[in-house]
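K.L.:
Residue numbers for the sequence shown follow this note's numbering, beginning at 186 and rising by one. Let me give you the structure first, and then I'll get to my questions.
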Amino acid sequence: MPQQYYSVDQVAELLDLHVRTVRGYVRDGRLKATRIGKQYRIAREDLEAFTGRPAPSSSPSSGPERRQAEASVIVRIDAIGPEATMRLTNTVMAAIAHGQDGGERLRVETVYDEERAVLKVIILGGLDSTAELLKIVNALIEQPE
186 MPQQYYSVDQ VAELLDLHVR TVRGYVRDGR LKATRIGKQY RIAREDLEAF
236 TGRPAPSSSP SSGPERRQAE ASVIVRIDAI GPEATMRLTN TVMAAIAHGQ
286 DGGERLRVET VYDEERAVLK VIILGGLDST AELLKIVNAL IEQPE
């Protein structure tokens, strides 16, 4: 049987904890996890050892579960000035804050290289929410400065 891994978000949902709490447990070494890129994955056995009880199974025999997919996107925007960067960043952050009233969670980071006039927008989240946010970013970069 293949090894089953959980994301930090999944563990937080299963244990009814905040994601930051789970990340803190991982950083403190209380919950064993493997770092893959910038994200942690928790093995089923490690979750069971941490909680002292069997972890919920995600096998098809355990009942109908919704398949989840997540996108990791990096948008690179060239030839963008500091003012346009601030405007785009503020609009994107406002859009995700407004859109998280119960929908899919998005994580967004922006990195601006003023010397090269390059903005990178890193988006992690559900497919639908990511697609909607990409439409907003596209509309913003098509506007003249």
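Every residue, glycine too, gets a C-beta built ideally from N, C-alpha and C. Source: prediction; values computed, not measured.
Let's test the definition: count the other Cβ atoms within 10 Å of the Cβ of I259 and tell me whether it reaches 16, buried, or not, exposed.
P.N.:
Numbered from its first residue, the sequence shown carries residue 259 at position 74. When all chains shown are included, I259 counts as exposed.
K.L.:
Tell me the rounded alpha-carbon separation between K305 and Q195.
P.N.:
As a first step, residue 305 must be located in the sequence shown, where it is residue number 120. As a first step, residue 195 must be located in the sequence shown, where it is residue number 10. Approximately 27 Å between the Cα atoms of the pair.
K.L.:
Contact defined as beta carbons within less than 8 Å: I believe D263 pairs with A302. What is the distance between those atoms, to the nearest angstrom?
P.N.:
For the purposes of this step, residue 263 is identified with residue 78 of the sequence shown, where counting begins at 1. For the purposes of this step, residue 302 is identified with residue 117 of the sequence shown, where counting begins at 1. 7 Å between Cβ atoms; contact.
K.L.:
Can you round the beta-carbon distance between A218 and I227 to whole angstroms, since I take them to be within the 8 Å contact cut?
P.N.:
Here residue 218 refers to the residue found at position 33 when the sequence shown is read from its first residue. Here residue 227 refers to the residue found at position 42 when the sequence shown is read from its first residue. Confirmed, Cβ separation roughly 5 Å.
K.L.:
Return the chain-ordered ranges of every alpha helix (DSSP H) run that is complete within the segment 204-287 and spans a minimum of 4 residues.
P.N.:
Taking only runs of at least 4 residues, the alpha helix (DSSP H) segments lying wholly in the segment 204-287 are 204-213, 229-236, 267-284.
K.L.:
Just mark T270 as buried or exposed, buried being the case when its beta carbon has 16 or more other beta carbons within 10 Å.
P.N.:
If you number the sequence shown from 1, residue 270 lands on position 85. Buried, by the Cβ-count rule.
K.L.:
Can you tell which of S314, I221, E268, L309 has its C-alpha closest to the C-alpha of I326?
P.N.:
The count along the sequence shown starts at 1 and reaches residue 326 at position 141. Checked all of S314, I221, E268, L309; the closest Cα to I326 is E268.
K.L.:
DSSP three-state label for E294, please.
P.N.:
Here the question's residue 294 lines up with position 109 in the sequence shown. E294: strand per DSSP, three-state reduction.
K.L.:
Are the Cβ atoms of A240 and Y191 separated by less than 9 Å?
P.N.:
Taking the sequence shown and counting its residues from 1, one reaches residue 240 at position 55. Taking the sequence shown and counting its residues from 1, one reaches residue 191 at position 6. A contact, by the Cβ cut-off of 9 Å.
K.L.:
Distance, Cα to Cα, Y225 vs D213?
P.N.:
For this step, residue 225 is matched to residue 40 along the sequence shown. For this step, residue 213 is matched to residue 28 along the sequence shown. Spanning the two alpha carbons is a distance of roughly 13 Å.
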